[in-house]
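K.L.:
Numbering (the working numbering), first residue to last: 501 to 652.
1. Check whether the segment 604 to 611 touches the segment 623 to 639, taking contact to mean three or more Cβ pairs, one atom from each stretch, closer than 8 Å.
2. Determine the DSSP secondary structure at residue 545, reduced to helix, strand or coil.
3. For residue 556, count neighbouring Cβ atoms within 10 angstroms of its own Cβ and tell me buried if that reaches 16, exposed if not.
4. Considering only DSSP beta bridges, list what residue 441 is partnered with.
5. Exposed or buried, which one is residue 464 when buried takes at least 16 other CB atoms within 10 Å?
6. Can you give me the C-alpha to C-alpha distance between residue 517 and residue 586, rounded to a whole angstrom?
7. If you count every other CB in all the chains shown that lies within 10 Å of the CB of residue 619, and 16 or more means buried, which is it?
8. Once you ignore the five residues that flank residue 503 on each side, which residues in its own chain have a CB closer than 6 Å to its CB?
9. Take residue 515 as the anchor and find which of 562, 615 and 589 has the nearest alpha-carbon.
10. So the alpha helix (DSSP H) residue 565 belongs to, where does it begin and stop?
11. Between residue 635 and residue 622, how many whole angstroms is the CB-CB distance? I'm expecting something under 8 Å.
12. Alpha carbon to alpha carbon, how far is residue 575 from residue 511?
13. Let's test the definition: count the other Cβ atoms within 10 Å of the Cβ of residue 613 and tell me whether it reaches 16, buried, or not, exposed.
14. Which one or two residues does DSSP pair with residue 609 in a beta bridge?
15. May I have the straight-line CA-CA distance separating residue 537 from residue 595, to the nearest angstrom?
Quick look at the structure:
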């Protein structure tokens, strides 16, 4: 069973495809994921396109997929880009390489200070592709500016 997200696949399509491949009903999936049946229905009808962290963790466990897969589908970016380059906005020094442990797919928090790692610009939400400079190449916002979004 190929449970990796397909290019351009929506959250609704992905959840339905994986649920069907596991032979689960909506009720079974909602119970296993610990979410309300109506919430799952909204997700599968594309009325909900974002997931809170509790729902994302629950669905990942119930669908037997890594949480990163759901994160990539929700954000509409290729799987590799969702977890490739992360940094701590508090500990990282502009122009230096990120700590190796920040780059691990399962790393979500800084091992030095405990703050959430960032993998996209907090202003325009474009994925961070290089930490050579201290500003986002798309919108010019400083990477160490006010934090609006952290990795979840």
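Quick reminder that beta carbons are idealized off the backbone N, C-alpha and C, glycines included.
P.N.:
Working from what's here:
1. no
2. For the purposes of this step, residue 545 is taken as the residue at position 45 of the chain shown. In the structure shown, residue 545 sits in coil (DSSP, three-state: anything other than H, G, I, E or B).
3. In the chain shown, residue 556 corresponds to position 56, counting from 1. Looking at its Cβ environment, which holds 16 or more other Cβ atoms inside 10 Å, residue 556 is buried.
4. Given that the chain is displayed from residue 501 to residue 652, the structure contains no residue 441 and the question cannot be resolved.
5. Not covered by the structure: residue 464. The range shown for the chain is 501 to 652.
6. Numbered from its first residue, the chain shown carries residue 517 at position 17. Numbered from its first residue, the chain shown carries residue 586 at position 86. The straight-line gap from Cα to Cα measures roughly 29 Å.
7. Taking the first residue of the chain shown as position 1, residue 619 is located at position 119. Result: buried.
8. Along the chain shown, read from residue 1 onward, the residue named residue 503 stands at position 3. Closer than 6 Å at Cβ, skipping near neighbours: 518 and 565.
9. One-based indexing of the chain shown puts residue 515 at position 15. Here the closest residue by C-alpha is 562.
10. Stepping through the chain shown from its first residue, residue 565 is reached at position 65. Run containing residue 565: none; DSSP gives neither H nor E here.
11. Reading the chain shown from its first residue, position 135 is the one you call residue 635. Reading the chain shown from its first residue, position 122 is the one you call residue 622. Going by Cβ atoms, the distance from residue 635 to residue 622 rounds to 12 Å, so no, they are not a contact pair.
12. Locating residue 575 in the chain shown gives position 75, counting from the first residue. Locating residue 511 in the chain shown gives position 11, counting from the first residue. Those two C-alpha atoms are separated by around 9 Å.
13. Residue numbering aside, residue 613 sits at position 113 when the chain shown is read from its first letter. So residue 613 ends up on the exposed side.
14. Counting from one through the chain shown, the residue named residue 609 turns up at place 109. Paired residue(s): 616.
15. Sequence index remark: in the chain shown, residue 537 carries index 37 (1-based). Sequence index remark: in the chain shown, residue 595 carries index 95 (1-based). So the two alpha carbons sit approximately 47 Å from each other.
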